[in-house]
Amino acid sequence: MSKNVVILATRYDWETARTFEWAKELQGELFNYTDNCFLADVTGLCRGGTSLDDLINNSTHVIFYGHGEAHCWTALPGSPCTELLGISTVGILDYKDVYAVCCSSLAGFGAAFSSSCHGTFVGYSDSFGFHRKNEFEFKQTVHNSAVNFVVNGNGSQVVNKLRSEWSRLAQEFASGTLKNRSDAIAAGYVASLNAARIGFRT
Amino acid sequence: MPDRRFSGLDEDEFEQVKKALFEWAETHPDKDQPIIFMMGERYSARRFAGEVADRSEFGVSFLTFLVEQSRQSQEPVRAFINRAIIANGER
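Taken in sequence, the protein lines are chains A and B. Using my numbering, the first residue of the first sequence is number 804, and each one after it goes up by one. Using my numbering, the first residue of the second sequence is number 382, and each one after it goes up by one.
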């Protein structure tokens, strides 16, 4: 089975500037496991034209890095934010396997995916976080999981493994090999929140 | 409404943890700069300590994590924060 991955990433503030770099690194790794892996900077891109459809149409997997809310992935911040994709446009993801590295989108957006699309949706049910000085460990945990998702494709296995990895990282920061790092207990706490919030829908 | 219930520490222990966290925050080299990004919410060391002192949902959740780690590793809760204070001085 062919694997055509599109990575959608935004960058318009400090957090997304960092996760955009994570996305670039993931693309480099995924070249080893896919037929094609395309990275698109979708900052500000919304569903007014066909660009997003064109990007997603021929993909088997869609990975998103950026900000999210319960009902959408965010293209630009604001009140309300500009949606990249949301509940009303979730159909574009039909027959795709979806991996969201952002806050909250598993809740409403993931639920809409589950009721109207075929495929698997992995994401976080509440805020996703990372620690600034210990960013490498957070990035690597996400990166390994995203590769696992594309290679193995089993949502349950991917989420169980990722939950276990976030919990392991939390413990490493709290009392293990990383316990003397800057703000280790705070970093461990954030990893534990990620462990509690990761999930999937089919 | 945030869930402010917390049963893992008694009031004296809570006060000790709060005091230690403020010491960590005040000795932090970037005390007012964000150290934690929750993809939209940013927490400096000072804000982090304040969330615990206020027993916000975020702060209470941290205390629960702290108590659980203490139970698992058989270390006093203060030990985790002491390490963070020492790490502040090493940067």
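The beta-carbon is built from N, C-alpha and C at its ideal position, and this holds for glycine as well.
**Cutoff 6 Å; reference A:Leu-879; Cβ partners in own chain excluding five residues on either side** = Gly-847, Thr-885
**Message:** Tell me which residues share the same chain as B:Phe-403 and place their Cβ nearer than 6 Å to its Cβ, disregarding the 5 neighbours each side in the sequence.
**Reply:** Ala-430
**Item:** contact_flag[the region 395–411 of chain B, the region 458–471 of chain B] where n(CB pairs < 8 Å) is 3 or more
**Value:** yes
**Alpha-carbon spacing of A:Leu-972 relative to A:Ser-985, whole angstroms** = 14 Å
**Asked** Ordered along the chain, which non-local residues of its own chain (more than five positions away) have a Cβ less than 6 Å from that of A:Ser-917?
**Response** Arg-1004
**Asked** Any beta-carbon of chain B closer than 8 Å to the one on A:Asn-839?
**Response** no
**Prompt:** Excluding five sequence neighbours on each side, which residues of the same chain lie with their C-beta closer than 6 Å to the C-beta of B:Pro-457?
**Reply:** none
**Prompt:** Contact between the region 829–841 of chain A and the region 907–915 of chain A: three or more CB pairs below 8 Å?
**Reply:** no
**Reduced DSSP category for A:His-946 - H, G, I as helix; E, B as strand; rest coil** = helix
**Message:** Three or more C-beta pairs under 8 Å: does that hold for the region 861–875 of chain A against the region 977–992 of chain A?
**Reply:** no
**Request:** Specify the secondary structure class of B:Pro-383 as computed by DSSP and reduced to three states.
**Result:** Below a pLDDT of 50, predicted positions are generally treated as unreliable, and B:Pro-383, at 44, falls in that range; no measurement from the model is reported.
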